[in-house]
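Under the numbering used here, the first residue of the sequence shown is numbered 599, with each subsequent residue one higher.
Remarks on the structure that follows.
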Amino acid sequence: MDNYGGVRYDLQADDGWIETSIKIPVPCTGVKQFEADAPAYELKGVFYCKPLEIIKSVFQSEQAKKFHYTPFKLYQQQSFLDSPDIHLHSELYNADAFIEEHAKIQRQQEKYPSLHIPCAIAGMMLWSDTTKIGTWGDQSMWPIYLYFGNQSKYDRAKPSAFASHHMAYIPKLLPNDFHDFYKEHYNTAPTEAVLTHVQREILQSIYGLIFDNEFMEAYDHGLVLKCVNIVQQCLFPCLFTYSADYIEKILIATTCMLGSHPCVHCLVDKDQIDQLGTKSDTKQHETKARIDSEECQSTIEKMQKWIFDDGLSVASSYVEAFLKPFSWVPTQNIFSNQFFKFGMNFYNLLVPDVLHELELGVWKAILLHFICMVHCLGSKNVQEMNRRYDHISVIMFSSLCVRF
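Next comes the structure, spelled out in structure tokens:
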């Protein structure tokens, strides 16, 4: 322990880790200044890996021999002749989104005859989760993981597969350090709104480092690589999913936490949450789905200009008048800025997180509460609930069918 060199001892440059710092322009209410001239808070100790280097390493490794480069549809054939087949969604390479992206790059290849090598998708799946690293104290780490959907989920689940690739570590905003910086430049303490704003900017800036110009060039034109099967391929990195808990999702989606429209996928009003599960609610999820747009980008850019150039508060009523109807926040989203031109609606990246929403979190707590309520109503109701659960069909007599 005496010779331990800290985080730099574990995250070394030889393993592809880059140590850098990010600078965040910090506003103050009543202070008019251009964003470029505003005091910039420098956050040091940011560690990240370039995703292209991870792709090169993984797709040239032995585990890539089992990767799927050509997607296909998976169906469940019913044993009854009059029953239609069921389209299954088991792996990422079974998903319609993966199949559509694969077809898109094949069409793109037809436009460029010089690109005579096979083209394939490198399906990227992102995870992030703040993790407590000790039983005592409040020490924690905030890693960003990268998985590849070309690999079967059964292989990804094996610890021996080393399928989880650490891509970055998000540093925690140090309150005392930032308070001193803010006091030095503005002679006042930062408000909660400013602290939250800076935390959002930190996360987006880190993703700005990850999705740099080199990555975006490969995202658009592909990365020519000799894979482990000795076949030269043009791999197109493609983002498909981002899994995180609710707190991190709102930071990624740059929406307001528990705002008037708390969901990161739709614009359903907060006072309509009690209708969850009804037919009308399901329809609203479809008709009020969040869709990235140039209007959103320009509105947020205008709000940032007001905050810096006109000295408005981050939580000003003038700013809120434009942002609150959509639960937006005055932070530009790197996913929107970088991927909107490719037709991506980044809100669709944020998939349900089974760990936090079901196994450890929301649904488990709700189910336990329902069970307690039923027990309070008497044993007759408990028996009825058990009877209903017993009648839920689990086993289906069928077979699987693969279609390309």
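Note that the Cβ used here is the ideal one computed from N, Cα and C, for glycine as well.
Which residue marks the beginning of the alpha helix (DSSP H) containing residue 805, and which one marks its end? 790-808
Which word fits residue 780, buried or exposed, when buried means at least 16 other C-beta atoms lie within 10 angstroms of its C-beta? When all chains shown are included, residue 780 counts as buried.
Inter-residue spacing [alpha-carbon to alpha-carbon] between residue 642 and residue 670: 45 Å
Measuring only the C-alpha atoms, how far is residue 986 from residue 979? Each residue's Cα considered, the two are about 11 Å apart.
Quick check on residue 725: does DSSP put it in helix, strand or coil? strand
Where the alpha helix (DSSP H) through residue 667 begins and ends: Where residue 667 is concerned, there is no enclosing alpha helix (DSSP H), given that its DSSP letter is neither H nor E.
Could you tell me if residue 795 is buried or exposed, where buried requires 16 or more neighbouring beta carbons within 10 angstroms of its beta carbon? buried
How big is the Cα-Cα spacing for residue 839 and residue 975? 42 Å
Considering only the beta carbon of each residue, do residue 823 and residue 836 sit closer than 9 Å? For the pair residue 823 and residue 836, the CB atoms are not nearer than the 9 Å cut-off.
For a quick check, are the C-beta atoms of residue 702 and residue 821 less than 9 Å apart? no
Using 8 Å for Cβ pairs, my map puts residue 748 next to residue 721. What's the rounded Cβ distance? 5 Å
Given this structure, state the Cα-to-Cα distance separating residue 892 from residue 967, to the nearest angstrom. 43 Å
My assumption, with CB atoms under 8 Å, is that residue 928 sits in contact with residue 969. Please give the rounded CB distance. Residue 928 to residue 969, Cβ: 43 Å. No contact.
Alpha carbon to alpha carbon, how far is residue 884 from residue 990? Give it in angstroms, no decimals. 28 Å
Evaluate residue 917 with the Cβ neighbour count: other Cβ atoms within 10 Å of its Cβ, from every protein chain shown; 16 or more gives buried, anything less gives exposed. buried
What is the residue span of the beta strand (DSSP E) that residue 615 lies within? Element bounds for residue 615: 615-623.
Measuring only the C-alpha atoms, how far is residue 859 from residue 923? 8 Å
Identify the continuous alpha helix (DSSP H) that holds residue 817 and give its terminal residues. For residue 817, the enclosing alpha helix (DSSP H) covers residues 811-819.
Could you compute how far the alpha carbon of residue 666 sits from the alpha carbon of residue 765? 22 Å
Does DSSP classify residue 584 as helix, strand or coil? The requested residue 584 is not part of the displayed model; the chain covers only 599 to 1002.
Contact check, residue 906 vs residue 716, beta carbons under 9 Å: no
Inspect the beta-carbon positions of residue 813 and residue 650 and report whether they are closer than 9 Å. yes
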